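Peer 1: Residue numbers for the sequence shown follow numbering that gives the first Met the number 0, so the first one is 0 and each next one is one higher.
Before I ask anything, let me first share the structure, which is written out below as structure tokens.
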Amino acid sequence: MEARIATIVESKCNPASLAKLKAVPNEKLWAFIADAIELCQPDSVVVFDDSDVDRATVRQRAVELGEENPLAMAGHTYHFDGPTDPARAKDVTRYLVPTTDSLSKTLNQIEREEGLAEIRGFLAGTMKGREMIVRFFCLGPVGSVFAIPCVQITDSYYVSHSEDLLYRGGFEQFKKLGGRGEFFRFLHSAGRLENCVSADTTKKRIYIDYTQDRIYSVNTQYAGNTVGLKKLALRLAIRKADRENWLAEHMFIMGVHGPAGSGRMTYFCGAYPSGCGKTATAMIPGEEIVGDDLAYLRNIGGQARMVNVEEGIFGIITDVTSKGDPAIWKVLTEPGEVIFSNILVEQGKPHWLGMGQPMPKQGVTYTGPWHEGKVDQAGKPVSPAEQNARYTISLRALPNCSKRLDDAGGIEVGGVIYGGRDSDTWVPVQQAFDWTHGIIAYGASLESETTATTLGQTGVRTFNLMSNLDFLAIPLGKYILNNLNFANGLSNVPPVFATNYFLKKDGQYITGMRDKAIWVKWMERRVHGEVEAIPAPTGLLPKYDDLAPLFKEVLGQEYTREQYVEQFMIRVPENLAKLDRIEAVYRKETDTPPIVFEVLNAQRSRLEALRAKKGDYVSPFDL
Ligand code: SPV
Ligand code: MN
């Protein structure tokens, strides 16, 4: 160890912390810590390992320092992010690009030296009078080929506590690292605090130094901006995956039971933009959840296998109800470790929007004290809770958590699902003709439609390829190519599906909330070739005769031919309009692989041929 570095680190650590660091004599790690000390100037450095004792201390310190407050229920705490910090800050999240490199113009970026000077300026001295926390975690199951070791430095016990619930401990893995430098580094400071929340939010920055696998974050607390292993690591992982020919995706993983008595379980991963039914699909009653947000996929011996990068959920609490989400509701209302954020607190109880119970008349929320009828300076009503209020829990607290969560070899990918939201275009479920068609016509064509609950006009469609657009750290075309190439070398290429739970007629949804349970069962049967499908211009459709018995068996419901026709009718004009929108997106990019246009054009020709023969709206019985 370089003497200068050792001296800096040793000067700030107590003996227990130093002993832990000495067990990880990695030059790059020590240099990272020493640099953070010199920059942020903490009073002391505290190192925690994966032990229960250390985890309990982290929890306790979060409460002692007022970053979290206990609720009446044992193990429950809440945290407020402050009025201007309740969501990911896309505008100030930037890639640090060296002058010798170039990134897609569509990615938010700043020249590396200039960006480093700015963010390091904002970080300078932020930890004076405070403890610097050093934590070790692992993305993916520890010791697996998927695993990426990570070190998080932060001055926030809330961030550290959240990571304990969301990620597998990585201290033991770091001890085995030797001199290798392949790990992700995150440096976060909440910055100057007022009432325990970041005060200088105009100086909020999240800068990604991908040349060093290092990310800086300052003057923010919201987990999506601060918990390094979540969306910050995803950006580094997408680059690493592209270099090494695997996939880092914004996907849930879930298991679907095969036919009764078969003992079969088929696993799916799925990417859905927010508000398109992602968590609801991962949590379908009767099936199994492996993860709800991030998945790594690798080709292992010719087979596509996947892991959940995380072991917890940082989930949107808005609209979580006892009836709609019984498993999550149970965890949120019984003793156990839960962090609530940006909810309304009244008499030690959390309240959130859409919880199916009346709001109390007053309470405290992330914007301050709240009472019914409260208005802001502009006379606008103040919300009792944030729309993006969240809960943080361990997946292991859920009764439907899969036993295969920690499979080091990953779980075999049965199928891949891309879920969009539109009121008038895609059928509820369909299967791509092949991998390339699925990646391009479904994944790279994903859109989500704005609803009444989001600000602005409703019905506006937002493009979000693979639901990963916010996190792309490489050009769009390169990312699509990596997805396409993933199938090369697989002896068994997983089928690709598309879902849409949001078709409407006369303003009313024409599929039921619980129908997704049927669509996944149909996909499960398709993976095993047990049901046939109807070729349509947009993909392979389920047959009525296969869906009706599933509705009966799974939901105890009649499923009429009229419902089927309404839902699975091919809507030619809407599908053509979607192709126009998607094509326009890719025409604007400079590096779109030609195959994208070929696949979209082929789909257009099929739709036009169908229209010439059968008209604009075609029943699946007429295909
Ligand atoms: C998302 O927004 O996709 C999330 C929450 O999963 S965040 O951590 O903010 O990214
Ligand atoms: Mn997410």
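Each residue gets a CB set at the ideal place from its N, CA and C atoms; glycine is no exception.
All values derive from a computational prediction rather than experimental measurement.
1) Roughly how far, in whole angstroms, is the beta-carbon of Gly353 from the beta-carbon of Thr317, given that I think they are within contact range, below 8 Å?
2) By a C-beta neighbour count over all protein chains shown, 10 Å radius and 16 as the cutoff for buried, is Phe620 buried or exposed?
3) Please enumerate, following chain order, all residues with a beta carbon closer than 6 Å to at least one heavy atom belonging to the ligand MN.
4) Indicate whether Leu164 and Asn307 have their beta-carbon atoms separated by less than 8 Å.
5) Quick check on Asp324: buried or exposed, where buried means 16 or more other Cβ atoms within 10 Å of its Cβ?
6) What are the partner residues of Leu343, as DSSP defines its beta bridges?
7) What residues in its chain sit with their C-beta under 7 Å from that of Pro85, if we drop five residues either side in the sequence?
8) Is Phe462 near the ligand SPV, going by C-beta to nearest heavy atom under 7 Å?
9) What residue range does the alpha helix (DSSP H) around Pro258 cover?
10) Rounded C-beta distance between Val226 and Glu162? I'm assuming under 8 Å.
11) Can you find the residues in the same chain that come closer than 7 Å, C-beta to C-beta, to Trp434, ignoring five residues on each side of it along the sequence?
12) Looking at C-alpha atoms only, which residue of Ile569, Lys520 and Gly476 is the closest neighbour of Lys104?
13) Leaving out five residues on either side along the sequence, give the residues of the same chain with a beta carbon under 6 Å from the beta carbon of Ser143.
14) Within the same chain, show all residues whose beta-carbon is closer than 6 Å to that of Thr461, passing over the 5 residues directly before and after it, in chain order.
15) With a threshold of 8 Å on Cβ separation, who are the neighbours of Val133 within its own chain once the five nearest residues in sequence on each side are excluded?
16) Looking at the ligand SPV, does it come within less than 7 Å of Arg87, judged from the CB to the closest heavy atom?
17) Let me check you understand the geometry: is the CB of Ala326 closer than 7 Å to at least one non-hydrogen atom of the ligand SPV?
18) Is it true that the region 327-342 meets the region 283-302, where meeting means three or more beta-carbon pairs spaced less than 8 Å apart?
19) Provide the residue span of the alpha helix (DSSP H) that contains Arg111, from first to last.
20) Can you tell me the Cα-Cα spacing of Arg586 and Asp579, whole angstroms?
21) Whose C-beta lies closer than 6 Å to the C-beta of His615 among residues of the same chain, with five residues either side of it excluded?
22) Name the residue from Asp241, Ile4 and Ala601 whose alpha carbon lies nearest to the alpha carbon of Phe432.
23) Quick one: give me the first and last residue of the alpha helix (DSSP H) that Ile327 is part of.
24) Taking only runs that begin and end inside the region 456-519, name each unbroken beta strand (DSSP E) of 3 or more residues, in chain order.
25) Is Phe313 close to the ligand SPV? I mean its beta-carbon at under 7 Å from any heavy atom of the ligand.
26) From the DSSP output, which residues share a beta bridge with Thr153?
Peer 2: For this structure:
1) Residue numbering aside, residue 353 sits at position 354 when the sequence shown is read from its first letter. Residue numbering aside, residue 317 sits at position 318 when the sequence shown is read from its first letter. Contact holds; Cβ gap of about 5 Å.
2) Here residue 620 corresponds to residue number 621 of the sequence shown, with the count starting at 1. Counting Cβ neighbours within 10 Å, Phe620 comes out exposed, since fewer than 16 surround it.
3) His249 and Asp292
4) Against the sequence shown, residue 164 aligns to sequence position 165. Against the sequence shown, residue 307 aligns to sequence position 308. No, the Cβ-Cβ distance between Leu164 and Asn307 is not below 8 Å.
5) As a first step, residue 324 must be located in the sequence shown, where it is residue number 325. Under this definition Asp324 is a buried residue.
6) Taking the sequence shown and counting its residues from 1, one reaches residue 343 at position 344. Bridge partners of Leu343: His350.
7) As a working note, residue 85 is residue 86 in the sequence shown. So the list reads Tyr221, Asn341, Tyr365, Glu385 and Asn387, once near-sequence residues are dropped.
8) In the sequence shown, counting from the first residue as 1, residue 462 sits at position 463. Result no, Cβ not under 7 Å from the ligand SPV.
9) Your numbering for residue 258 matches position 259 in the sequence shown. Note, Pro258: premise wrong, no alpha helix (DSSP H); not H, not E.
10) Looking up residue 226 in the sequence shown gives position 227. Looking up residue 162 in the sequence shown gives position 163. Contact holds; Cβ gap of about 6 Å.
11) Position 435 of the sequence shown, counted from the first residue, corresponds to residue 434. Once the five neighbours on either side are set aside, the close Cβ partners of Trp434 are Ala486, Val492 and Val495.
12) On the sequence shown, residue 104 is found 105 positions in, with the first residue counted as 1. Measuring from the Cα of Lys104, the nearest candidate turns out to be Gly476.
13) The count along the sequence shown starts at 1 and reaches residue 143 at position 144. Hits under 6 Å: Ala407.
14) Within the sequence shown, numbered from 1, the residue matching residue 461 stands at position 462. Answer for Thr461: Ser447, listed in chain order.
15) Within the sequence shown, numbered from 1, the residue matching residue 133 stands at position 134. Hits under 8 Å: Ser16, Leu20, Ile32, Val44, Val45, Val46, Phe47, Val150, Gln151 and Ile152.
16) Here residue 87 refers to the residue found at position 88 when the sequence shown is read from its first residue. Checking every heavy atom of the ligand SPV against the Cβ of Arg87, one is found closer than 7 Å.
17) For the purposes of this step, residue 326 is taken as residue 327 along the sequence shown, with counting starting at 1. Outside the cutoff, so no.
18) no
19) Position 112 of the sequence shown, counting from 1, holds the residue named residue 111. Unbroken alpha helix (DSSP H) run through Arg111: Arg111 to Leu122.
20) On the sequence shown, residue 586 is found 587 positions in, with the first residue counted as 1. On the sequence shown, residue 579 is found 580 positions in, with the first residue counted as 1. Answer to the nearest angstrom: the Cα atoms are 10 Å apart.
21) Counting from 1 along the sequence shown, the entry for residue 615 is found at position 616. The question names His, but residue 615 is Asp in the sequence shown. Val571 and Pro572, listed in sequence order.
22) Within the sequence shown, numbered from 1, the residue matching residue 432 stands at position 433. When each option's Cα is compared against that of Phe432, the closest is Ala601.
23) Within the sequence shown, numbered from 1, the residue matching residue 327 stands at position 328. Looking at the DSSP string, the run of the alpha helix (DSSP H) that includes Ile327 is Pro325 to Thr332.
24) 460-462 and 495-499
25) Here residue 313 corresponds to residue number 314 of the sequence shown, with the count starting at 1. Checking every heavy atom of the ligand SPV against the Cβ of Phe313, one is found closer than 7 Å.
26) Looking up residue 153 in the sequence shown gives position 154. BP columns for Thr153 point to Ile132 and His187.
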